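Novice:
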Amino acid sequence: MGIPVKLQVFEGPLDLLLHLIEKNKVNIYDIPIVEITNQYMDYIHAMEREDLNIMSEFMVMAATLISIKCRMLLPRETTEEGEEEDPREELVRQLLEYKMYKYMSYELRDRMAMAAKNVYKLPTIPKEVLSYREPVDTSELLDGLTLEKLNQIFLSVMRRQEEKIDPIRSKFGKIEKEEVSLPEKMEEIENYAREHKTFCFSRLLKKQASKVQVIVTFLAILELMKIGAIRISQKQIFDEIEIESLLERG
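Just so you know, the working numbering puts 658 at position 133 of the sequence shown, and the rest follows in order with no gaps.
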């Protein structure tokens, strides 16, 4: 029995085949080729007055179906491994690929429809709001941090500085240079903090060349905490103290 369909409903022979398979609710991996071919040919007869350029594509597929139908009636050919070849295998592969791309086109169509409903605008936040900075809570900056912990870290760094002293070269004479001041050291740490969002307190002290610089760095850290330029945190006792920059990148 023929199926009343219209040509313009289908975009090609694979689209028609997929429609017939879904309409008959058959397994795409086990196509009843005789039944599907008969229904396909009924559709071809209904297309006799349509555009020949379109008709040719469906005729090629009709020839393919008839060829598969004939091969199904003959004894199955076997591969080198002794397995029987299924004449429908290539057709099934084409149908699966077509089905995948068809559903992908539906997904893109739906996304395009959703995108058409979205409206975007440039931000219009007042300058006063953009320049607002939340007041610094010094108690939050020093949460969980005590002077005893800071003193322990300071003493640990000082011991490492002493261990770095060469017992022979330390006796050599040297030219002393002017030590850095507290404001200069604060500016140096601020620049470092802008480039490194987070860094270790002990690692910063290790970079200092002398005891005086270690002390000035320690005082500079305390001053920067006081003015809210940095935040210090420690997850657990004796863990590394992390310094978080609250400054904007330059």
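Don't be surprised by glycine CBs; every beta carbon is placed ideally from N, CA and C.
Given the structure is predicted, the values throughout are model-derived calculations rather than measurements.
Helix, strand or coil for Arg719 per DSSP?
Specialist: Walking along the sequence shown from the start, residue 719 turns up at place 194. Helix at Arg719.
Novice: Helix, strand or coil for Thr742 per DSSP?
Specialist: As a working mapping, residue 742 is identified with position 217 in the sequence shown. In the structure shown, Thr742 sits in a helix (DSSP, three-state: H, G or I).
Novice: Can you tell me whether Met592 is buried or exposed, with buried defined as 16 or more other CB within 10 angstroms of its CB?
Specialist: By 1-based counting over the sequence shown, the position of residue 592 is 67. Note that residue 592 is Ser in the sequence shown, not Met. Exposed, by the Cβ-count rule.
Novice: For Leu655, does the count of other Cβ atoms within 10 angstroms reach 16, so buried, or fall short, so exposed?
Specialist: Walking along the sequence shown from the start, residue 655 turns up at place 130. Looking at its Cβ environment, which holds fewer than 16 other Cβ atoms inside 10 Å, Leu655 is exposed.
Novice: Quick check on Gln564: buried or exposed, where buried means 16 or more other Cβ atoms within 10 Å of its Cβ?
Specialist: Residue mapping note: residue 564 aligns to position 39 of the sequence shown, counting from 1. Buried, since its Cβ has 16 or more Cβ neighbours within 10 Å.
Novice: Please tell me whether Leu747 and Ile755 are closer than 7 Å, where the distance is taken between their beta carbons.
Specialist: Position 222 of the sequence shown holds residue 747. Position 230 of the sequence shown holds residue 755. No, they are not a contact pair.
Novice: Is it true that the CB of Leu620 sits closer than 7 Å to the CB of Leu543?
Specialist: Residue numbering aside, residue 543 sits at position 18 when the sequence shown is read from its first letter. Residue numbering aside, residue 620 sits at position 95 when the sequence shown is read from its first letter. Contact flag set, yes.
Novice: Going straight from the alpha carbon of Leu532 to that of Thr562, what length do you get?
Specialist: On the sequence shown, position 7 is the one that residue 532 refers to. On the sequence shown, position 37 is the one that residue 562 refers to. Low confidence applies to Leu532: its pLDDT is 45, below 50, so where it sits in the model is not reliable, and the reading given next is rough at best. Those two C-alpha atoms are separated by around 17 Å.
Novice: Is it buried or exposed, Ala718, if we count other Cβ atoms within 10 angstroms and call 16 or more buried?
Specialist: If you number the sequence shown from 1, residue 718 lands on position 193. Buried is the call here.
Novice: DSSP beta-bridge partners for Arg613?
Specialist: Walking along the sequence shown from the start, residue 613 turns up at place 88. BP columns for Arg613 are empty, so no partner.
Novice: In chain order, what residues of the same chain lie with their CB nearer than 7 Å to the CB of Leu772, ignoring the 5 residues before and after it?
Specialist: For the purposes of this step, residue 772 is taken as residue 247 along the sequence shown, with counting starting at 1. So the list reads Glu715, Ala718, Arg719 and Ala754, once near-sequence residues are dropped.
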